[in-house]
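Worksheet: the structure to be examined is printed underneath.
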Amino acid sequence: MKKLALIAVVLFSAFSCKMVNQLSDTANELFHGEVVARVGEHRLHRTELEKFIPAGVSPEDSARLAASYISAWAEDLLLVDLAEEQLSDEQKDVREELEAYRRTLLKYRYGQLYINQRLDTLVTEEEMDQYYKENPERFRLERPVFKARYMIIPANSRSLKTFRRKMSSEDDAEVLELESLASTVAIKYVDASDTWMDAITLAQDLGTDYRSLVGAIKNQFAELPDDAGNLRIAYIVEMVPEGKTAPRDYVADRIRDLILSARKHALESTLEQDLLEDARKNNKFVIY
Numbered sequence: 006m007k008k009l010a011l012i013a014v015v016l017f018s019a020f021s022c023k024m025v026n027q028l029s030d031t032a033n034e035l036f037h038g039e040v041v042a043r044v045g046e047h048r049l050h051r052t053e054l055e056k057f058i059p060a061g062v063s064p065e066d067s068a069r070l071a072a073s074y075i076s077a078w079a080e081d082l083l084l085v086d087l088a089e090e091q092l093s094d095e096q097k098d099v100r101e102e103l104e105a106y107r108r109t110l111l112k113y114r115y116g117q118l119y120i121n122q123r124l125d126t127l128v129t130e131e132e133m134d135q136y137y138k139e140n141p142e143r144f145r146l147e148r149p150v151f152k153a154r155y156m157i158i159p160a161n162s163r164s165l166k167t168f169r170r171k172m173s174s175e176d177d178a179e180v181l182e183l184e185s186l187a188s189t190v191a192i193k194y195v196d197a198s199d200t201w202m203d204a205i206t207l208a209q210d211l212g213t214d215y216r217s218l219v220g221a222i223k224n225q226f227a228e229l230p231d232d233a234g235n236l237r238i239a240y241i242v243e244m245v246p247e248g249k250t251a252p253r254d255y256v257a258d259r260i261r262d263l264i265l266s267a268r269k270h271a272l273e274s275t276l277e278q279d280l281l282e283d284a285r286k287n288n289k290f291v292i293y
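Note that this note's numbering numbers the sequence shown so that position 160 is 165, with each residue one more than the last.
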């Protein structure tokens, strides 16, 4: 009789555990939302998938992104499960690698904190001028740079001569007249006469390649017809050819970045030296 009672208790316990697990799974499904994919015991819920899809995308793009994410999710888990099955316990022991990565990450984060607390981010114009003068080889141009006025205009426009004259004018009033006229006649007009721009940028904006553009320059003008019956015109206000030192204004951001980078490297070296010196003074670092 006692034996039968014990068996009943065991069966009831097993049944209860199964019911609890099923109820837990059901609650989990309700909490996380609809399951959209499954790999073995792993499930991907709609709420997780939706986090990956940006708001406002079209239904077609949404479906494409969802399919891509699900495939990547499945491949990742299938490979991990296969590795769990096929690798030995020794091969699956990654504690040493994890500790090495943890130490590397901690050192990096502390290094960033140390630098951020001490880095002087103010770079004066005088410092930039000095760096530019002392390091001209760092700023050799791989392609020409320009200051230019340029436009795309119907090739049969009666205003072509007027445009050419006003584009090359140094009279502010004529430049303003050019802008007004271009707004009614030209397909595109840009006045970049005060800003340095790379040859590729200018060529792309005109719908051509930069070698064709550079090759077409004659007496500061480049004129290139296109298949649509339009003429692409650029008046080169200033030009610095490839191989020469870039204008200081053109590389100002790069100069600032280089100066800050040098300061960061100096701080990193200071950190390493100070660590060793302090450790020796405090008997934390001893060579026997």
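Idealized CB from N, CA, C, for every residue including glycine.
- In whole angstroms, what separates the C-alpha of arginine 216 from that of tyrosine 155? Sequence index remark: in the sequence shown, residue 216 carries index 211 (1-based). Sequence index remark: in the sequence shown, residue 155 carries index 150 (1-based). Rounded to the nearest angstrom, the gap between the Cα atoms of arginine 216 and tyrosine 155 is 17 Å.
- Backbone secondary structure at alanine 72 - three-state DSSP: By one-based count along the sequence shown, residue 72 stands at place 67. In the three-state scheme derived from DSSP, where H, G and I count as helix and E and B as strand, alanine 72 is classed as helix.
- Query: Among residues of its own chain, excluding the 5 on either side of lysine 249, which ones have a beta-carbon nearer than 8 Å to its beta-carbon?
  - Reply: Along the sequence shown, read from residue 1 onward, the residue named residue 249 stands at position 244. These residues qualify, in order along the chain: Arg145 and Leu146.
- Item | For lysine 166, the three-state DSSP class (helix, strand or coil) | Residue mapping note: residue 166 aligns to position 161 of the sequence shown, counting from 1. For lysine 166, the secondary structure class from DSSP, reduced to helix, strand or coil, is helix.
- In terms of residues, what are the limits of the beta strand (DSSP E) holding threonine 200? Within the sequence shown, numbered from 1, the residue matching residue 200 stands at position 195. Going by DSSP, threonine 200 is part of the beta strand (DSSP E) stretching over 193-203.
- Task: Starting from asparagine 140, follow the alpha helix (DSSP H) in both directions and report where the run begins and ends.
- Result: Taking the sequence shown and counting its residues from 1, one reaches residue 140 at position 135. Element bounds for asparagine 140: n/a, residue is neither H nor E.
- Message: So the candidates are Ser93, Leu54 and Pro64; which of them puts its Cα closest to the Cα of tyrosine 74?
- Response: Taking the first residue of the sequence shown as 1, we reach residue 74 at position 69. For the residues Ser93, Leu54 and Pro64, the minimum Cα distance to tyrosine 74 belongs to Leu54.
- Kindly list the residues whose CB is nearer than 6 Å to the CB of glutamine 27, restricted to its own chain and excluding five residues on each side of it in sequence; keep chain order. Residue 27 sits at position 22 when you count from the first residue of the sequence shown. With a pLDDT of only 45 at glutamine 27, under the threshold of 50, the placement of this residue in the model should not be trusted, and no figure is reported.
- Item | Enclosing beta strand (DSSP E) for lysine 152 [first to last residue] | Against the sequence shown, residue 152 aligns to sequence position 147. Following the DSSP letters along the chain, one finds lysine 152 inside the beta strand (DSSP E) bounded by residues 150-159.
- Item | Contacts around alanine 71, its chain only, beta-carbon distance under 7 Å, and the 5 residues preceding and following it disregarded | Start at 1 with the first residue of the sequence shown, and residue 71 comes out as number 66. The answer, listed in chain order, is Leu54 and Ile58.
- Item | Through-space distance from alanine 257 to serine 274, alpha-carbon basis | Here residue 274 refers to the residue found at position 269 of the sequence shown. Here residue 257 refers to the residue found at position 252 of the sequence shown. Each residue's alpha carbon lies about 26 Å from the other.
- Item | Bridge-paired residues (DSSP) for leucine 62 | If you number the sequence shown from 1, residue 62 lands on position 57. A small correction: the amino acid at residue 62 is valine; leucine does not occupy that position in the sequence shown. None; valine 62 has no bridge partner.
- Item | Assigned secondary structure, alanine 267 (DSSP; H/G/I helix, E/B strand, else coil) | Position 262 of the sequence shown holds residue 267. Reduced to three states, the DSSP call for alanine 267 is helix.
- Message: Measuring only the C-alpha atoms, how far is lysine 193 from arginine 237?
- Response: For the purposes of this step, residue 193 is taken as the residue at position 188 of the sequence shown. For the purposes of this step, residue 237 is taken as the residue at position 232 of the sequence shown. Arginine 237 has its alpha-carbon roughly 9 Å from the corresponding atom of lysine 193.
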